[in-house]
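Count along the sequence shown from 1, then add 206; that gives the number in my numbering. Written out below as structure tokens is the structure these notes cover.
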Amino acid sequence: MSIRMKTILILVGTALVLLAGLYIVLTILILDGFNRVEKSDAHKTMERLKETFETQTEEMCSLGHDWAIWDDTYIFAEKNNQDYFEANIASFQFVEVNVDFLIIINDKNKQLVSVTHKENENTIIPLPSAILDAHFKPTSEVLTYHDEKTKHSGILLTDGFPPALFCSIPILTSTAQGPYHGFLVFGRFLSPARKAALAEKSKLTLTITASNEPGFSKTAGGGVEETKGLDGIDVVPINDDTLKANVVFKDFYGKGELIVSALMPRTINKQARTSMTYILIVLIIMVIFFMLSLIVLIEKIVLNRLSKLSKQVSRISETFDFSTRVDATGVDEISALGDAINGLMAAVEQVNYISEEEKKNETKE
Numbered sequence: 207m208s209i210r211m212k213t214i215l216i217l218v219g220t221a222l223v224l225l226a227g228l229y230i231v232l233t234i235l236i237l238d239g240f241n242r243v244e245k246s247d248a249h250k251t252m253e254r255l256k257e258t259f260e261t262q263t264e265e266m267c268s269l270g271h272d273w274a275i276w277d278d279t280y281i282f283a284e285k286n287n288q289d290y291f292e293a294n295i296a297s298f299q300f301v302e303v304n305v306d307f308l309i310i311i312n313d314k315n316k317q318l319v320s321v322t323h324k325e326n327e328n329t330i331i332p333l334p335s336a337i338l339d340a341h342f343k344p345t346s347e348v349l350t351y352h353d354e355k356t357k358h359s360g361i362l363l364t365d366g367f368p369p370a371l372f373c374s375i376p377i378l379t380s381t382a383q384g385p386y387h388g389f390l391v392f393g394r395f396l397s398p399a400r401k402a403a404l405a406e407k408s409k410l411t412l413t414i415t416a417s418n419e420p421g422f423s424k425t426a427g428g429g430v431e432e433t434k435g436l437d438g439i440d441v442v443p444i445n446d447d448t449l450k451a452n453v454v455f456k457d458f459y460g461k462g463e464l465i466v467s468a469l470m471p472r473t474i475n476k477q478a479r480t481s482m483t484y485i486l487i488v489l490i491i492m493v494i495f496f497m498l499s500l501i502v503l504i505e506k507i508v509l510n511r512l513s514k515l516s517k518q519v520s521r522i523s524e525t526f527d528f529s530t531r532v533d534a535t536g537v538d539e540i541s542a543l544g545d546a547i548n549g550l551m552a553a554v555e556q557v558n559y560i561s562e563e564e565k566k567n568e569t570k571e
């Protein structure tokens, strides 16, 4: 193999190793960095979604506080007067205040009010007994009174019904004084319509599943096994185009779970890959230009001169004309080699001259 070919192969191999190294560095530093930013952005999105649930619960608690810390409600819980029911409960605007059920239980654990409403209407109907039996028995935690600041809120899961956000407030006087006369509870179901509204508002593809739903598994809706974040939030890439972010809410009792999963486009990752592609193209062009420049430079400074020197030496060996001299211009190793060859040719020429002279002398004798 010629020196020229060996040089080209070495330079090409070096360029490939250099590009591979640069690609690895870009992948580790740039792509991984963008992925961390992407996960952080998705995490913040799920935090906002989590805050939405908490805000909705707090809104109900605020409304519940207005109703529970009220002399009229306090008297109703004590005397069960129908005037209060007709003036406040019968005309309650469920749809307008975004509440689905209302419960009033006095301090003797008697259910004075337990109503819900027809879908998209304010017409009140009895609250299903399954919900009352599951969560509002006399010994239920949601009806446990500690002091005037007692408040219970969270998520309730009931078989056969959508998950519900609720807030339970003790019934006190308008000055927040006791003794307490029971609890007032507001609740809001996470119905399919509300799920769709939440997805539209958040501009996300949402899946909301509860652990009491038929067919629920640990990988449903994004996977509890994948959700390892300390705050109940985790982000899991599905492929190069989509990632799934999960947030897990524990129910009020800490046993059941509500899993909210969101599919998000990997816009940041896509932009990072596009940027990497452009950077690699530029690097490849630069490396090719550098390699070609280096090859041309080596060709001119070294290879062409070596090739010329080789041809001159070959011509001398073919003609046995030792008076011919090779090109030895310049001040470098190749010119030094040319000088050495010329010196050798001069020595051979001198030896031949002496040998010829000796032959002539022998002939004369």
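All C-beta atoms, glycine included, are put in the ideal place defined by N, C-alpha and C.
Would you kindly report the start and end of the unbroken beta strand (DSSP E) that includes residue i?
i	result
residue 450	448-456
residue 358	358-362
residue 440	439-443
residue 378	First-last for residue 378: undefined, no H or E at that position.
residue 392	388-395
residue 411	411-416
Would you check if the distance between the CB atom of residue i and the CB atom of residue j is smaller than 8 angstroms?
i	j	result
residue 266	residue 400	no
residue 360	residue 458	yes
residue 533	residue 549	no
residue 446	residue 475	yes
residue 213	residue 504	yes
residue 344	residue 312	no
residue 472	residue 449	yes
residue 374	residue 349	yes
residue 478	residue 209	no
residue 330	residue 296	yes
residue 334	residue 354	no
residue 528	residue 554	yes
residue 371	residue 299	no
residue 489	residue 215	no
residue 282	residue 309	no
residue 379	residue 280	yes
residue 540	residue 530	no
residue 248	residue 441	yes
Quick check on the burial criterion: 16 or more other C-beta atoms within 10 angstroms. Buried or exposed for residue i?
i	result
residue 454	buried
residue 252	buried
residue 586	The first residue shown for the chain is 207 and the last is 571, placing residue 586 beyond what the model contains.
residue 326	exposed
residue 464	buried
residue 428	Caution is warranted here: a pLDDT of 45 is assigned to residue 428, below 50, making its placement in the model unreliable, and no coordinate value can be reported.
residue 318	buried
residue 430	Here residue 430 scores only 44 on pLDDT, less than 50, and its place in the model should not be relied on; the value that follows carries that caveat. When all chains shown are included, residue 430 counts as buried.
residue 433	Legend: pLDDT at residue 433 = 49, less than 50; position of this residue unreliable, no value from coordinates given.
residue 332	exposed
residue 336	exposed
residue 483	exposed
residue 558	exposed
residue 520	exposed
residue 223	exposed
residue 274	buried
residue 369	buried
residue 452	buried
residue 231	exposed
residue 524	exposed
residue 346	buried
residue 243	exposed
residue 416	buried
Counting along the chain, where does the alpha helix (DSSP H) carrying residue i start and finish?
i	result
residue 406	398-408
residue 238	238-274
residue 478	473-504
residue 231	209-231
residue 525	510-525
Comparing alpha-carbon positions, which option in the options lies nearest residue i?
i	options	result
residue 469	523, 224 and 410	410
residue 307	565, 323, 316 and 226	323
residue 352	386, 381 and 207	386
residue 397	506, 490 and 414	414
residue 218	497, 258 and 506	497
residue 462	402, 382 and 364	364
residue 536	231, 512 and 521	512
residue 305	268, 290, 285 and 339	268
residue 389	228, 271 and 232	271
residue 258	516, 560 and 404	404
residue 260	302, 456 and 248	456
residue 636	347, 255 and 338	Any property of residue 636 remains undetermined from this structure, which presents the chain solely from 207 to 571.
Cβ-heavy atom distance between residue i and the ligand NAP below 7 angstroms?
i	result
residue 459	In the structure shown, the ligand NAP is absent, as is every other ligand, since no ligand is present at all.
**alpha helix (DSSP H) runs contained entirely in the segment 283-338, provided each spans 4 or more residues** = Under the rule that a run must span 4 or more residues, the alpha helix (DSSP H) segments found entirely inside the segment 283-338 read 300-303.
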